[in-house]
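Student:
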Amino acid sequence: MGNWRFLAIAVGVAAATFGVAVWINLDYLFFAGYVILQYVVLATAWNILGGYAGYMNLGVSAFFALGAYTTVALETALKLPLPLTIPAAGIVAGVVGFGMGYLTLRLKGIYFAIATLALAVVAETFVTNWDYVGGSAGAYLLHPRRGPWFGSYTEYLFLLMLILATLAVILARMVERSWVGYGLTAIRDDEVAAEATGVPTLRLKLFATALSGALMGMAGAPLPYYVSFLEPASAFNLGYAVTTIAMPMIGGTKTWLGPLIGSLLLATTQQVATVTISSEVNLLVVGVLLVGFVMLAPNGIVGWFQRR
Amino acid sequence: MTVTYPLLINAVITGLLMGGFYAALSVGATVAFGLLDIVNIAHPTFAVIGAYAVLVLNRTFNIDPILAGLLLTPVFYGAGTLLYRVYYHFFERRGDDAMRGLAFFFGLMFLAEVVLIILFGVDFRYVQAPYITTTLNYGPIALPLRLAVPFAGSLVMLVALELFLKKTFIGHAIVAVAQDPFALRLVAASPVRIKRIAFGVACASAALAGAFIIVIEPLQPAVGRDFIGRVFAICVFGGLGSLPGTVVAAISLGLVENLTTVFIGPSWSPAVAFGALLATLAWRPSGLFGRS
């Protein structure tokens, strides 16, 4: 399937999703759907580096929260509306990803993983000390009841996240099927051989890290409006990282479809479980699924349906 | 802020003492990472599990926390060898341990935290021991036993471990397994068995390190995460797998961190470990004492 046809289908599916949601018109549906779509973006973004190139980014919450705090900072300073802070958040998170990658991606993937995990702690320290965006006390960002064009504000946030999710999936598929994707796959399978055959490994890894980080930052940008009250401990919650990594692991990391399936399944389960069971048990389930799939089903759900 | 002489001396002493404890906490991770090629990012969290076990023993039987940590080492050794069996079976044997192994330990770390939260809640917990509240004063110099006792314990533990690695057959074999597993087979030692023992020892060290954690500061399930940056900065900076390197790196980090706390502000000290880690990775990835 060509990129244009896929684009048309993806936009069609997104439009149909929004149409059905508007037709049902239940505010809770937008509220829960927003979180599910947010995880579609996060899991798809993570997989561009983690799945295709095999470099683990354990600092998902850092990129996500940096995006959220970019919105807080820009709203406080310039009163910028959300559609403008989303690309800004993408740029901030992308630049951070690029910088981290530049320092650590020349080494084995393990060092990159450890550095990203430490990044989460330091970014949290930084934001906690930055009183302009609320510091440790947190920041309120109250949104109007109505969206700017139609419907409730939650509906508006849902639409924005739906657009982001569609964009993320289309980008991930484009990367996967281009020479960049083949290069990243070569890095995953044997980096030394890839380098020896002329794959520009460092440049490809940097591109993937920046793109992946930027998408995660964009996924975090609407968060302050969604939660109304943002504080560092919840924005940098490790749960975001674990859930995001669990999703491609469950769905399968080799194609764009894996993280999509994984995130839709796991995030929907989580939404149901949060309502019906406690949120701790909910996190326990995510942890068990992550460990279980990593151990028992290395190729995820997509792997079950592939010919061996 | 004026820099007074006693303030500086006390900052240096606290830094040294904390550095010794950091070495004890990092040594298990550096053995696993440097000698066994197992990146156990859950190691600090294992120490936190140890700390909670110490808490239970201290509260229930009124056992001294450090003695409790020592009593727990066989249990942690057993758990460690068991965990290595699982790791070997699912990851190492298949040869794709790097990324999925990391995801495995990341998941374990998260699971352990969630279970601890369910069991103990998120309140800060303390243990009781006579030395925790005592501080020796020598003129302007203060020596809090809360830090000095774990420091002494850490030194004993590190010396014992170094002797084990340098003087015993198994110790030699553990060092050898990192260098040449095939040669190890030639002297009729199974690399897998040696790695199992080594990983058990690494986990056993987490029990004692856990006892030190709860003596030094109040305990909370997420505390382990604050140590990850430090532990791996020390591992990398010290040159993976080198015990003397680990001690030097840990004490340097303790010193710089404490001077930062005293003269710049406590909220900035987590950035020190991260800065050290990034600087080491960028300019000298083999660390201070590393085999390049």
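In the order they appear, the protein sequences are chains A and B.
Counting the first sequence from 1 gives a position; the numbering used here is that position plus 8.
Quick note on numbering: the numbering used here labels position 128 of the second sequence as 117, and the sequence is numbered without any gaps.
Heads up, the beta-carbon is just placed ideally off N, CA and C, and yes, glycines get one too.
Here the structure is a predicted model, which is why all the values come from computation and not from measurement.
Answer with yes or no whether the minimum CB distance from B:F252 to chain A is below 8 angstroms.
Tutor: Closer than 8 angstroms: no.
Student: Taking C-beta pairs closer than 9 angstroms, name the residues in chain A that B:R214 reaches, listed in chain order.
Tutor: Per Cβ cutoff of 9 angstroms: L125, A128, V129, L246.
Student: For the stretch 65 to 76 of chain A against the stretch 117 to 130 of chain A, do three or more pairs of beta-carbon atoms, one drawn from each stretch, fall closer than 8 angstroms, so that the two count as touching?
Tutor: yes
Student: Apart from the five residues just before and just after A:T263, which ones in its own chain have a Cβ nearer than 7 angstroms to its Cβ?
Tutor: Shown here for A:T263: same chain residues with a beta carbon closer than 7 angstroms to its own, the five before and five after excluded, namely E184, V310 in chain order.
Student: Just to confirm the assignment, what range does the alpha helix (DSSP H) spanning B:A211 have?
Tutor: Unbroken run through B:A211: none, as it is neither H nor E.
Student: Residues in its own chain within less than 8 angstroms of A:L268 by CB, not counting five upstream and five downstream?
Tutor: The residues V48, A51, T52, V177, G259, in chain order, have a CB closer than 8 angstroms to that of A:L268 in the same chain once the five nearest residues on each side in sequence are set aside.
Student: So who's on the other strand from B:P133, going by DSSP bridges?
Tutor: B:T124
Student: Is A:D197 close to chain B? Criterion is C-beta to C-beta, closer than 8 angstroms.
Tutor: No, A:D197 lies away from the interface with chain B (no Cβ there is under 8 angstroms from its Cβ).
Student: Counting only runs that start and end within the stretch 65 to 101 of chain A, where is the alpha helix (DSSP H) found for 4 or more residues in a row?
Tutor: Whole alpha helix (DSSP H) segments, 4+ residues: 68 to 86.
Student: Just the Cα atoms here: how many angstroms apart are B:V204 and B:L136?
Tutor: About 8 angstroms.
Student: List the whole-angstrom C-beta distance separating B:N29 from B:F94, where the pair is believed to meet the contact cut-off of C-beta under 8 angstroms.
Tutor: 5 angstroms
Student: Beta-carbon within less than 7 angstroms of B:L270's beta-carbon, same chain only, minus the 5 sequence neighbours each way: which residues are those?
Tutor: Taken in chain order, the residues that qualify are V225.
Student: DSSP state of A:L113, grouped into three classes?
Tutor: Of the three classes helix, strand and coil, the one that applies to A:L113 here is coil, per DSSP.
Student: Inspect the beta-carbon positions of A:S115 and A:S236 and report whether they are closer than 8 angstroms.
Tutor: Checking the sequence shown, residue 115 of chain A turns out to be Leu, not Ser. Result no, Cβ atoms of A:L115 and A:S236 do not sit closer than 8 angstroms.
Student: Between the stretch 63 to 75 of chain B and chain A, which residues of the former have CB atoms less than 8 angstroms from a CB of the latter, in chain order?
Tutor: Shown in chain order are the members of the stretch 63 to 75 of chain B whose Cβ falls below 8 angstroms from a Cβ of chain A: V75.
Student: Under the three-state reduction of DSSP, which class applies to B:S281: helix, strand or coil?
Tutor: For B:S281, the pLDDT reaches just 42, beneath the cut-off of 50, and the residue's location in the model is therefore unreliable, although a value from the coordinates is still provided. DSSP places B:S281 in coil when its eight states are reduced to three.
Student: Which residues of the stretch 24 to 55 of chain B have a Cβ closer than 7 angstroms to any Cβ of chain A? Give them in chain order.
Tutor: V28, I30
Student: Give the residues of chain B in contact with A:L214, contact being defined as C-beta atoms less than 7 angstroms apart.
Tutor: Under the 7 angstroms cutoff, chain B gives no residues; its nearest Cβ is about 14 angstroms from A:L214.
Student: What residues of chain A sit near B:S241, judged by a beta carbon separation below 7 angstroms?
Tutor: Those within 7 angstroms of B:S241 in chain A number zero; the least Cβ separation is about 17 angstroms.
Student: Could you tell me the boundaries of the alpha helix (DSSP H) in which A:E203 lies?
Tutor: 199 to 204
Student: Any C-beta of chain B within less than 7 angstroms: which residues of the stretch 128 to 153 of chain A qualify?
Tutor: Taking 7 angstroms as the Cβ-Cβ cut-off against chain B, the residues of the stretch 128 to 153 of chain A that qualify are V129, V130, T133, T136, N137.
Student: Give the interface partners of B:P259 over in chain A, defined as CB-CB distance under 7 angstroms, in chain order.
Tutor: Ordered by position in chain A, the residues that pass the 7 angstroms Cβ test against B:P259 are V129, V130, T133.
Student: Inspect the CB distances between the stretch 193 to 210 of chain B and the stretch 39 to 58 of chain B and report whether three or more fall short of 8 angstroms.
Tutor: yes
Student: Using a C-beta cutoff of 8 angstroms, does B:I106 count as contacting chain A?
Tutor: yes
Student: Could you give the DSSP three-state label for B:S194: helix, strand or coil?
Tutor: helix
Student: Within 10 angstroms of the Cβ of B:R185, are there 16 or more other Cβ atoms? Answer buried if so, exposed if not.
Tutor: buried
Student: Considering only residues of the same chain and omitting the five flanking positions on each side of A:L111, which have a CB-CB separation below 6 angstroms?
Tutor: none
Student: Whose CA, out of A:A173, A:F166, A:G221, lies closest to the CA of A:V100?
Tutor: A:G221
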